[in-house]
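**Student:**
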Amino acid sequence: TAEASIGKPATEELAVMVDTFRPLYMTKAALGIEDESYTYSWVHK
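Each residue of the sequence shown is one higher than the last, beginning at 2 in this note's numbering.
Next comes the structure, spelled out in structure tokens:
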């Protein structure tokens, strides 16, 4: 969580941004591991 990162000197993560002129589509492999709840994972219930 964001709260758990407070006071940490660094994180172990990688962020990638892709800027395209046309839409990207997910492969069959990606669809098989998609976490459909990720979009709302930051929303408090």
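Every residue gets a Cβ at the ideal spot worked out from N, C-alpha and C, and that includes glycine.
Note that the structure is a prediction, hence the values are computed from the model and not measured.
Which of helix, strand or coil does DSSP assign to residue 8?
**Tutor:** coil
**Student:** With H, G and I counted as helix, E and B as strand and the rest as coil, what does DSSP make of residue 30?
**Tutor:** helix
**Student:** Leaving out the 5 sequence neighbours to the left and right, which residues in its chain are closer than 8 Å to residue 27 when beta-carbon positions are compared?
**Tutor:** Here the set comprises 35.
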